[in-house]
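Visitor: Quick one: the structure is below, questions incoming.
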Amino acid sequence: MASVADKTINVLFVCSGNICRSPSAEGVFRKTVEAAGLGHRIAVDSAGLGGWHLGEPPDPRSQVAARQRGIDIAHQRARRVAKRDFQNFHYIVAMDRGHFGELGQMCPVGAEDRLLLMLDFAESPESDVPDPYYGGDDGFEFVLDLLEDASRGLLAHIRERHFEAP
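Heads up, the sequence shown is in the working numbering, so the first residue is 5 and it goes up one at a time.
Spelled out as structure tokens, the structure:
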């Protein structure tokens, strides 16, 4: 379905505390979108289901891993998913099946089609983006690998649904 030329598509990435996976997904997807020349057409944000880290920047290990790939996520601040997000975002993308289930419980009737699982768009056989918080640096690298893979697929999905003529 082709959309109005000036329509902005809003995408929200969600994880547990909004300090590791979802801010990384926001940064990776923003870079993917900008590389495709669609930075003015797709807006990206992230949030967490829990409020443990409200107002904090992403985990330093996430920042370092992202920066090594040319992605700056240092300016981001953790926030919690809000009811208004289900109205403001075209896509709410969960990092794992647990997040997807929690979002489904929060989701207003009629907005279920906005919920997506990140790795449904990846070529990887993984189904969940694992939480790197309690592991070593290699876990953060693995998460970025998965997010880069899935970001390409998610962008292709959005392009097909919103920006390319039928």
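Glycine included, C-beta positions come from ideal geometry on N, C-alpha and C. All of these numbers come straight from a predicted model, not from anything done at the bench.
1. In angstroms with no decimal places, state the Cα-to-Cα distance between leucine 42 and valine 113.
2. Kindly indicate the opening and closing residues of the beta strand (DSSP E) around phenylalanine 17.
3. Just verifying my parser: in three-state terms, what is the DSSP assignment at arginine 84?
4. Spatial neighbours of arginine 84 within its chain, please: CB distance less than 8 angstroms, with the 5 preceding and 5 following residues excluded, ordered by chain position.
5. Which one or two residues does DSSP pair with valine 113 in a beta bridge?
6. Roughly how many angstroms separate the alpha carbons of alanine 98 and alanine 115, rounded to a whole number?
7. For the stretch 18–60, list the alpha helix (DSSP H) runs that are entirely contained and at least 4 residues long, ordered along the chain.
8. Smallest Cα separation from lysine 87: which of Leu16, Arg73, Pro62 and Thr36?
9. What residue range is occupied by the uninterrupted beta strand (DSSP E) comprising leucine 148?
10. Could you give the distance in angstroms between the alpha-carbon of leucine 151 and the alpha-carbon of glutamate 145?
11. Give a yes or no on whether the C-beta atoms belonging to isoleucine 96 and leucine 123 are separated by under 8 angstroms.
12. Whose CA, out of His103, Lys35 and Asp142, lies closest to the CA of arginine 65?
13. Please identify the residue among His161, Leu148, Ala154 and Arg156 whose C-alpha is closest to the C-alpha of arginine 73.
Guide: Put simply:
1. 30 angstroms
2. 13–19
3. strand
4. Asn22, Ala51, Gly52, Leu53, Gly54, Gly55 and Leu58
5. Its beta-bridge partners do not exist; DSSP assigns none.
6. 15 angstroms
7. 25–39
8. Leu16
9. No beta strand (DSSP E) contains leucine 148, which is instead part of the alpha helix (DSSP H) from 141–162.
10. 10 angstroms
11. no
12. Asp142
13. Leu148
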